[in-house]
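Data block below; observations after.
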Amino acid sequence: MFALRFAIPLVLAASVAFAQRTDVNYDESKVPKYVLPDPLVLNNGKRVGDARTWTNTRRPEILELFRSNVFGRIPGRPQGMTFELAEINQQTLGGSAIRKQVVVYFSKQKDGPKMEILLYVPAGARKPVPVFLGLNFTGNHSANADPGIRLGDLWQREPVNKKQAKQRATDASRGAAASRWQIEKILERGYGVATIYYGDIEPDFDGGMPYGVRPLFAKPGETRAADAWAAIGAWAWGLSRAMDYLETDKNVDARRVVLMGHSRLGKTALWAGAEEPRFAIVISNDSGEGGAALARRRFGERVKNLNTSFPHWFADNYWKFNDREDDLPIDAHMLIALIAPRPVYVASAQEDQWADPKGEFLAASAAGGVYKLLGKQGLETDQMPAIHQPIMNTVGYHIRAGKHDVTAYDWDRFLDFADKHFGRPR
Ligand code: GCU
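Here it is, written out as structure tokens:
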């Protein structure tokens, strides 16, 4: 009884302290008036009136604006990349799945940068299956308690020194992120699922660049360009390399790969989906600022927060827009529109105000004009739906109750969305 009476004032005190942070706007009435750049007006001011002009002229213009101002430029497939099937089990997860673990060596040097793909496909599928692909934050072994998942090296987020920065994962964290992956659910619905530890591609700390893939492409003596790729670009590039592998796997229908990313990896999924046409569907979960949320709303996280807290994520040119969101030649609706005409799904969480759920919705809504021009349906509304009322057109959206996370509810909707566009896999 006592504990209960005390709990309420404590919660209130915490939320008041949160609301009182003067540097972060959580007040809808303080969202400034803003004008979004029109995705359907060319750089020369002319209107885009047909699909061809979008595809041949306007889309490349917008892609270039994102490359030069936001994410930087990513290279192509490296020469000398090889795949090695390190492990296969024809009957895992109680006989329901085939498990494969594939090492992707990014160069001829086996001791150079590499990543490991964990892939499950339903056992007994008679045809190649559609697959969900996503990067994970905490190691492949955290995605499921399956004891056969190989333990890899994990990077600390804020390493004290380089020696301590990388440690071998242990059995203790097997399955720790299983609720975020829902592997059994995905398999039951007839899909495969592939995941890769993002730190294999580049560790996620300022100064982590030398330990990732970017040095493979650096020319001796080269100084870093303001539009050079950064960590999000590197992670996106790694997803394209995963696609290179999936195209070779006979259990996988590589024309039906759904890319899913959460949070910073949701920003990454949108950028990877924009750069890589082989992703058939793109899903951004709680991606927020620098992802699906409109920067011009200045609600929750802002460009300056991103650049100062995570200086290694974006191209250096992005710094120019700290406190100057209205000067951006693009906004999040145009990132989403780069995925058109492919299906794209944006998911928000009600308590994830830092990511600005309304800004995520409005961006998805404002991408609709491009989808319409290409003969597809956008969200077809600018009224945000209620909690747990998903919209599923070629653009999809939901907001669920709860905090910043990926949950079973989210996966149920992602699977529904994939079923809607691919047909139910058997
Ligand atoms: C921080 C960051 C967000 C990011 C999130 C995450 O909250 O400010 O931009 O999306 O981390 O990746 O978990």
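In case it helps, the numbering used here puts the sequence shown at residues 3 to 428. All C-beta atoms in this analysis are idealised placements derived from N, C-alpha and C, irrespective of residue type, glycine included.
Of the candidates 362, 384, 428, 373, the residue whose Cα lies closest to the Cα of residue 255 is 428. For residue 117, the secondary structure class from DSSP, reduced to helix, strand or coil, is strand.
DSSP places residue 162 outside both helix and strand once states are collapsed to three, so it counts as coil. For residue 63, the enclosing alpha helix (DSSP H) covers residues 61-68. Short of 7 Å from the beta carbon of residue 306, and not among the five residues preceding or following it, lie these beta carbons of its own chain, in chain order: 324, 325. Shortest Cα-Cα distance from residue 52 to any of 372, 187, 170, 114 involves 372.
Between residue 206 and residue 288, the C-beta gap is not smaller than 8 Å, which leaves the two residues out of contact.
By a beta-carbon distance limit of 8 Å, residue 141 does not contact residue 99. Their separation comes to about 19 Å. Judged by DSSP in its simplified three-state form, residue 295 adopts coil rather than helix or strand.
Taking 3 residues as the minimum length, the beta strand (DSSP E) runs contained wholly in the region 87-147 are 99-107, 116-124, 131-138, in order along the chain. The region 181-199 makes contact with the region 111-128: 3 or more CB pairs, one atom from each, lie closer than 8 Å. If you ignore the 5 residues before and after residue 342, its C-beta comes within less than 6 Å of the C-beta of 372, 373, 376, all in its own chain and listed in chain order. Just so you know, the alpha carbons of residue 107 and residue 235 end up roughly 18 Å apart. Sequence-distant Cβ neighbours of residue 77 in its own chain, meaning closer than 6 Å and more than five residues away, are 219. Here the C-alpha atom of residue 394 lies approximately 10 Å from the C-alpha atom of residue 346. Boundaries for residue 414: no beta strand (DSSP E) harbours it, while the alpha helix (DSSP H) harbouring it runs 410-424, taken from the DSSP string. Separation of residue 384 and residue 72 (C-alpha to C-alpha, rounded to the nearest whole angstrom) is 26 Å. Non-local beta-carbon contacts of residue 238 in its own chain, meaning distances under 7 Å to residues more than five positions away in sequence, involve 76, 270, 273, 274, 277 in chain order. Counting only residues of its own chain and dropping the five nearest sequence neighbours on each side, residue 74 has a CB closer than 6 Å to the CB of 229, 230, 231, 232, 235, 317. By DSSP's assignment, residue 156 forms a beta bridge with 169. DSSP links residue 283 through a beta bridge to 260. Taking all protein chains in view, the Cβ of residue 143 is crowded by 16 or more other Cβ atoms within 10 Å, so the residue is classified as buried. Around the Cβ of residue 396, a 10 Å sphere holds 16 or more other Cβ atoms; the residue is buried. Secondary structure at residue 398: strand, using DSSP grouped into helix, strand and coil. The beta carbon of residue 179 lies closer than 8 Å to those of 138, 139, 140, 144, 145 in the same chain, with the five residues before and after it left out. Excluding residues up to 5 positions away in sequence, 71, 228, 229 lie with their Cβ nearer than 6 Å to the Cβ of residue 319 in the same chain. In the three-state scheme derived from DSSP, where H, G and I count as helix and E and B as strand, residue 346 is classed as strand.
With contacts defined as CB atoms closer than 8 Å, residue 386 and residue 419 fail to qualify as a contacting pair.
Minimum Cα-Cα distance from residue 285 among the listed residues 295, 189, 264, 241 corresponds to 264. In this structure, residue 353 has its CB at a distance of at least 7 Å from all heavy atoms of the ligand GCU. Between the alpha carbons of residue 424 and residue 410 lies a gap of roughly 21 Å. Distances from the alpha-carbon of residue 266 to those of 380, 55, 112, 309 put 309 closest. Residues of the same chain with a CB within less than 7 Å of the CB of residue 68, apart from the 5 flanking positions on each side, are 276, 332, 337 in chain order. Taking C-beta atoms under 8 Å as the contact rule, residue 280 and residue 260 fail to qualify, at a distance of about 12 Å.
The nearest non-hydrogen atom of the ligand GCU is 7 Å or more from the C-beta of residue 181.
The DSSP assignment places complete beta strand (DSSP E) segments of no fewer than 3 residues inside the region 160-246 at 168-170, 194-199, in order along the chain.
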